[in-house]
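Enquirer: Before we start, here is the structure in question, set down as structure tokens.
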Amino acid sequence: MSNPANPSIPFRHLRVLAASLALALAGCAAPVLKASLDVPDQFAAATVAADEPEVAWWESFKDPVLADLIRRAAQQNRDVKISAERLRAARAGETISRSWLFPAVGVGGDAFDHKTNYDSALKSVVPEAANTKAAQIGVGVTWEVDLFGRLRAGAAAAAADTLAVENGARGVRLLVLSDVASNYFKLTGALRQLETVRAISAAQDETLRLVAARHRVGLATPFDVERAQTEAWRARAAIPPLETLAAVSRHRLAVLIGGQAFNAASIKPSTVEATVPPARPGQPAALLQRRPDLLAASAQIDAANARRQQAMAEWFPRLVLGAVFGRETINLNGDSLGPARFTNVAAMLAMPIFNAGRTPAINDIAESGQREAVLRYEDAIARALEDVENTLVALADERQRAQALNSAAASADAALGRAQSLYDRGQIDLLPLLDAQRARLAVRVGANDANTQLLLDSVQLYKALGGGWQAFEPVTDPAAAANPNSPTSSNSVAQYEDPS
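Per mature numbering (1 follows the signal peptide of the UniProt record, and there is no 0): the sequence shown = residues -29 to -1, 1 to 471.
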């Protein structure tokens, strides 16, 4: 069998061979894999809901300070900017991959000065020497004809990789927005808890003062004084951890919005108590079009399918065309031979015959990458549905817990007021009063914690549902601009300018 890359074969035979191979193998395409995981019609932990969650979900908490922090983080956060630069690099890589589909044109030139002082007949140096000078400049064109789609598949894989990076950047933005909301509610919860604990601590100090006064006149025992002292110190001990939590949350917010921890004091939470919006999870299938991690995993399947096609093309010949056009001048011993034009056209057809198993290994790697991408996508879907289900259960249970603790806190406040009145009139001793104070402390602290956790679970639900990144996409569709709750159709991540 003759070698198809043998230069002795006429060029027309190479064209016939390439055309025959193209026709014979046109139907041989790489298998395309798709995910086969079934998505349920509704979430198990939620009733059927036609309404999809809001895009700008932070607005539903009715807190203007939170909305401002979200906006600043979307514009100035460093992780968001880093992901935008990563996307810029991915787009540049896509341009490089696509450029191989087109001819490459270059300009080159060279010159030389050659002197000969050796006489081959006399085998010695002679006085008269041959001096040759030449210079040439030309334009070269090189083009690999994509007979079997190897280069097109590479460009398609690069485009899918860029889409995956773009959705990864959207995922970073969603993570930043949810982190801002979570730390903001931790801050407001810690401040609310501090207010409660400080008020209770002041009440305990007042109780200690009264007990000590009664002890001095013989109306209370030393045991009563020690009990009151214990409760006073216990209330004071609850203050430092809450102050630490508030400071840490402020520092985190300052960094998330692009600043530094030392200027965190400028973050002032709103005096308006945030409201917990109703849960609207929408349809499970909508997660596939909304969650950035699922969109990125889907794009990675497309990239893996394209790489499989690219690997299949390694079995087939490659046709490379080249041409050089230029002009040269030659000077021999001072006499110019005049300028001349030159043209060089060449074609090469190469096909692998034996490469020690490299081509099968390339295809095995591509096939494995396909299967891995599909499994990763299916796993991402399963995990996304699990996240939503877990959060829906936690949110519903926490809502019941918060309602119960708020009712208990109201009852504890009323019970303490009655106990204090009875104690002041001398109808009960100190022990029932201290018990009422301890009950109020525990229930009020628990109610504050439940209210904060309810807000955090709401944020976690919006994060699991994958919404929010669309609000900061560059709007290119007028219909999307008219409907702020619909995702934009842009294929780019917004480039933000740091106002600082």
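In this text, a Cβ means the ideal position worked out from N, Cα and C, and glycines have one as well.
Note that the structure is predicted; figures quoted are calculated from it, not measured.
Which same chain residues end up closer than 8 Å to T215 when comparing Cβ atoms and leaving out the 5 residues on each side of it in sequence?
Expert: Cβ neighbours of T215 beyond the five flanking positions: none.
Enquirer: For the pair the stretch 100 to 115 and the stretch 30 to 46, tell me if three or more CB-CB distances fall below 8 Å.
Expert: The stretch 100 to 115 vs the stretch 30 to 46: no contact.
Enquirer: On the three-state DSSP scale, how would you describe S307?
Expert: Strand, per DSSP.
Enquirer: Mind checking which residues open and close the alpha helix (DSSP H) that includes S153?
Expert: Per DSSP, S153 belongs to the alpha helix (DSSP H) from 121 to 187.
Enquirer: If I measure Cβ to Cβ from A386 and keep anything under 6 Å in the same chain, skipping five residues before and after, which residues do I get?
Expert: Same-chain partners within the cutoff: A407.
Enquirer: To the nearest angstrom, how far is it from the Cα of F233 to the Cα of R354?
Expert: Approximately 38 Å, taken between the alpha carbons.
Enquirer: Throw me the rounded Cβ distance for the G125 and Q260 pair, which I believe falls under 8 Å.
Expert: Actually they are not in contact, since the Cβ atoms of G125 and Q260 sit about 27 Å apart, beyond 8 Å.
Enquirer: Would the beta-carbon of L179 fall within 8 Å of that of Q200?
Expert: Against a cut-off of 8 Å, the Cβ pair of Q200 and L179 comes out as a contact.
Enquirer: In angstroms with no decimal places, state the Cα-to-Cα distance between V416 and E369.
Expert: Rounded to the nearest angstrom, the two C-alpha atoms are 15 Å apart.
Enquirer: Check whether the stretch 292 to 301 touches the stretch 364 to 383, taking contact to mean three or more Cβ pairs, one atom from each stretch, closer than 8 Å.
Expert: Contact fails: fewer than three Cβ-Cβ distances are below 8 Å.
Enquirer: Quick one: using the 10 Å Cβ neighbour count with 16 as the cut-off for buried, is E137 buried or exposed?
Expert: E137 is buried by the Cβ-count criterion.
Enquirer: Hey, could you find the ends of the alpha helix (DSSP H) A373 is sitting in?
Expert: Where A373 is concerned, the enclosing alpha helix (DSSP H) stretches over 329 to 395.
Enquirer: Have a look at L4 and A128 and give me their C-alpha separation to the nearest angstrom.
Expert: The straight-line gap from Cα to Cα measures roughly 14 Å.
Enquirer: What separation, rounded to the nearest whole angstrom, lies between the Cα atoms of P263 and Y433?
Expert: So the two alpha carbons sit approximately 13 Å from each other.
Enquirer: Buried or exposed for I67, please, with buried defined as at least 16 other CB atoms from any protein chain shown within 10 angstroms of its CB.
Expert: When all chains shown are included, I67 counts as exposed.
Enquirer: Which same chain residues, not among the five before or five after I41, have their C-beta less than 8 Å away from its C-beta?
Expert: Closer than 8 Å at the Cβ level, and outside the excluded window around I41, lie W29, L148, V151, A152.
Enquirer: Considering Cα atoms alone, identify which of R205, W114, Q13, E23 is closest to L405.
Expert: When each option's Cα is compared against that of L405, the closest is R205.
Enquirer: Would K157 pass as a contact of T423 if the rule is Cβ separation under 8 Å?
Expert: Their beta carbons are under 8 Å apart, which means K157 touches T423 by this criterion.
Enquirer: Is the stretch 236 to 243 in contact with the stretch 314 to 334, if contact means three or more CB pairs nearer than 8 Å?
Expert: No, because fewer than three Cβ pairs between the stretch 236 to 243 and the stretch 314 to 334 fall closer than 8 Å, the two stretches do not touch.
Enquirer: Please report the straight-line C-alpha distance between A63 and A277, rounded to a whole angstrom.
Expert: So the two alpha carbons sit approximately 18 Å from each other.
Enquirer: Between the beta-carbon of A344 and the beta-carbon of I272, is there less than 8 Å?
Expert: Yes, they are a contact pair.
Enquirer: Short of 7 Å in beta carbon distance, which residues of its chain neighbour L165, apart from the five on each side in sequence? Order them along the chain.
Expert: Hits under 7 Å: I210, L213, E214, A217.
Enquirer: Could you check how far apart the C-beta atoms of V295 and G439 are, in whole angstroms? I think they sit under 8 Å.
Expert: Not a contact, Cβ separation roughly 56 Å.
Enquirer: Going straight from the alpha carbon of A256 to that of G340, what length do you get?
Expert: Cα to Cα, A256 sits roughly 25 Å from G340.
Enquirer: Under 8 Å, do F73 and P252 count as touching if we go by C-beta distance?
Expert: Contact: no.
Enquirer: Closest by CA to S70, which one among L37, W114, V36?
Expert: Selected option, being the one with the closest Cα: W114.
Enquirer: In three-state terms, what does DSSP make of K104?
Expert: The answer is strand: DSSP assigns K104 an E or B state.
Enquirer: Would you check if the distance between the CB atom of L425 and the CB atom of V247 is smaller than 8 Å?
Expert: Their beta carbons are under 8 Å apart, which means L425 touches V247 by this criterion.
Enquirer: I need the straight-line Cα distance from D384 to Q391, nearest angstrom please.
Expert: Straight-line Cα distance between these residues: approximately 11 Å.
Enquirer: Can you have a look at A452 and say buried or exposed, based on whether 16 or more other CB atoms are within 10 angstroms of its CB?
Expert: Confidence at A452 is low in this model, with a pLDDT of 45, below 50, so the placement of that residue is unreliable and no value is reported for it.
Enquirer: Give me the Cα-Cα distance between A191 and R396, rounded to the nearest whole angstrom.
Expert: Going by the C-alpha atoms only, they are around 15 Å apart.
Enquirer: Count the other CB atoms, across all protein chains shown, that sit within 10 Å of the CB of V359; report buried if there are 16 or more and exposed otherwise.
Expert: The residue is buried, with at least 16 neighbouring Cβ atoms inside 10 Å.
Enquirer: Grab me the residues of R49's own chain with a C-beta within less than 6 Å of its C-beta, minus the 5 sequence neighbours each way, in chain order.
Expert: So the list is empty, once near-sequence residues are dropped.
Enquirer: Tell me, to the nearest whole angstrom, how far the beta carbon of Y348 is from that of A274; I am working on the premise that it is less than 8 Å.
Expert: With 8 Å as the limit, Y348 and A274 do not qualify as a contact, their Cβ atoms being about 12 Å apart.
Enquirer: If you count every other CB in all the chains shown that lies within 10 Å of the CB of G437, and 16 or more means buried, which is it?
Expert: So G437 ends up on the buried side.
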